[in-house]
Amino acid sequence: MATVHAEPYEFEFDLATTALMIIDMQRDFVEPGGFGEALGNDVSLLRKAIAPTKRVLDATRKRGLFVIHTREGHRQDLSDLPESKRLRGRLKTGIGDKGPMGRILVRGEHGHDLIDELKPAAGEPVVDKPGKGAFHATDLDAMLHHRRVRQLIVCGVTTEVCVNTTVREANDRGYDCLVLEDCVGSYFPEFQVAALAMIKAQGGIFGWVSDSTRFLEALNKA
Ligand code: C5J
562 MATVHAEPYE
572 FEFDLATTAL
582 MIIDMQRDFV
592 EPGGFGEALG
602 NDVSLLRKAI
612 APTKRVLDAT
622 RKRGLFVIHT
632 REGHRQDLSD
642 LPESKRLRGR
652 LKTGIGDKGP
662 MGRILVRGEH
672 GHDLIDELKP
682 AAGEPVVDKP
692 GKGAFHATDL
702 DAMLHHRRVR
712 QLIVCGVTTE
722 VCVNTTVREA
732 NDRGYDCLVL
742 EDCVGSYFPE
752 FQVAALAMIK
762 AQGGIFGWVS
772 DSTRFLEALN
782 KA
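For what it's worth, the working numbering labels the leading residue of the sequence shown as 562, then goes sequentially.
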C-alpha cells in the first residue's frame, strides 16, 4: 500500500488496483478558440491543469497503472442528446451546431477530441460519455471491474461539473477517489474552491483531495 498526504486524511492506494482517470481534456473546453472560450470563459484557468496532469500521466504510465480518458460528447445523429441538454442555456450556437472547431461536442469533430498534450497512448481506453458523469450510459464501470480497480486518481475538467459528478458516481459504486487539485480546473475560481471543499468535507464524504507533487512522491516510493 502507498500513502499520499491528502485531505481530510491520508489516501491509501495499491498500484495493482489503482487507475488514473483524466476527464474531458478536450479542445472545445480547454483550447483558445474552442466552445468554452466562445461562451466567454477564460480557458487559461483550465490550461493550468495541463502540465501537472501530463507529469502525473507520464509517471503513472511508467509504473504501469491503468489509464482511462473520457470525452463528453454525442453521436453524429444526436440520438443520445436529451432535448433538455440541447436547449439548456438558450445558446445561439450550442451542442450539435457548427462551432469554431467543428460541430460542438459531437464525436469525430476536431473540438470534441482530446488535446495533443494529453493524447491517449495505445491501449488506453477513451470513454465517450453523453453526460457529465463518466459512469452514466458508458461501459466504464465494467472496465474498472474487469481490471479489479478500486482506487481512482482523478484529473480533468471542469472541477464542479464533470469531475465532481464522476467522483460522486464513483463513490456510490465503491471506488475511492483522490482528486489532484492542481490537475483539475474550473472557469470559475470560486467553484474550483467550493467543488474541492465539497469532496473532502464531512470526513471525505465523496473522496480525498491532494496535489500532484504529493501523489508523485507517494508513487515514487511505492
Ligand atoms: C461541462 C465538463 N462543464 N466536462 N463539462 O459541461 O465539465
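Built from N, CA and C at the ideal position, the CB exists for glycine as well.
Output the boundary residues of the alpha helix (DSSP H) element that contains A758.
P750 to G765
Would M582 be called buried (16 or more neighbouring beta carbons within 10 Å of its own) or exposed?
buried
Cβ of E778 within 7 Å of any heavy atom in the ligand C5J?
Outside the cutoff, so no.
Does DSSP put A580 in a helix, a strand or coil?
strand
Starting from the C-beta of F776, find all residues in its chain whose C-beta is less than 8 Å away, skip the five residues before and the five after it, and write them out in chain order.
Beyond the five residues adjoining it in sequence on each side, F776 comes within less than 8 Å, by CB distance, of V565, V617, I714, L739 and L741 in the same chain, given in chain order.
Using 8 Å for Cβ pairs, my map puts D689 next to R668. What's the rounded Cβ distance?
6 Å
Out of D737, A698, V728 and K659, which has the shortest C-alpha to C-alpha gap to Q712?
D737
Less than 8 Å separating the beta-carbons of L606 and G746?
In this structure, G746 lies closer than 8 Å to L606 by Cβ.
Taking the continuous alpha helix (DSSP H) assigned at H673, which residues delimit it?
It is not in any alpha helix (DSSP H) - H673 carries neither H nor E in the DSSP assignment.
Taking only the alpha-carbon atoms, compute the straight-line gap between P569 and E592 and give it to the nearest angstrom.
33 Å
What does a CB cutoff of less than 8 Å around R708 pick up in its chain, not counting 5 residues either side in sequence?
Hits under 8 Å: A580 and F627.
Can you give me the Cβ contacts of P613 inside the same chain, cut-off strictly under 6 Å, excluding the 5 residues immediately before and after it?
D743, C744 and S773
Out of curiosity, what's the CA-to-CA distance linking M759 and W769?
10 Å
Return yes when at least one heavy atom of the ligand C5J lies under 7 Å from the C-beta of C723, else no.
yes
Should F596 be counted as a contact of the ligand C5J given a C-beta to heavy atom distance under 7 Å?
no
For the alpha helix (DSSP H) containing G597, list its first residue and its last residue.
F596 to A599
Determine the extent of the beta strand (DSSP E) in which S640 is found, giving its start and end residues.
Run containing S640: none; DSSP gives neither H nor E here.
Whole angstroms are fine: how far does the CA of R632 sit from the CA of L675?
7 Å
Excluding the 5 residues preceding and the 5 following D702 in the sequence, name in chain order all residues of the same chain whose CB lies nearer than 7 Å to its CB.
F696 and R734
For L652 and A698, what's the separation of their Cα atoms in angstroms?
Counting only the Cα atoms, A698 lies some 25 Å from L652.
Among the residues of its own chain, which have a CB less than 8 Å from the CB of H635, if the five just before and after it don't count?
D641, L642, I656, G657, L666, V667, R668 and P691
Measuring alpha carbon to alpha carbon, tell me which residue in D575, E721 and H706 is nearest I584.
Ranking D575, E721 and H706 by Cα distance to I584 puts E721 first.
Run the CB neighbour count on S771, radius 10 Å, all protein chains shown included, and call it buried at 16 or more, exposed below.
buried
Closer than 7 Å: is that where the CB of E751 sits relative to any heavy atom of the ligand C5J?
Relative to the ligand C5J, E751 has its C-beta separated by 7 Å or more from all heavy atoms.
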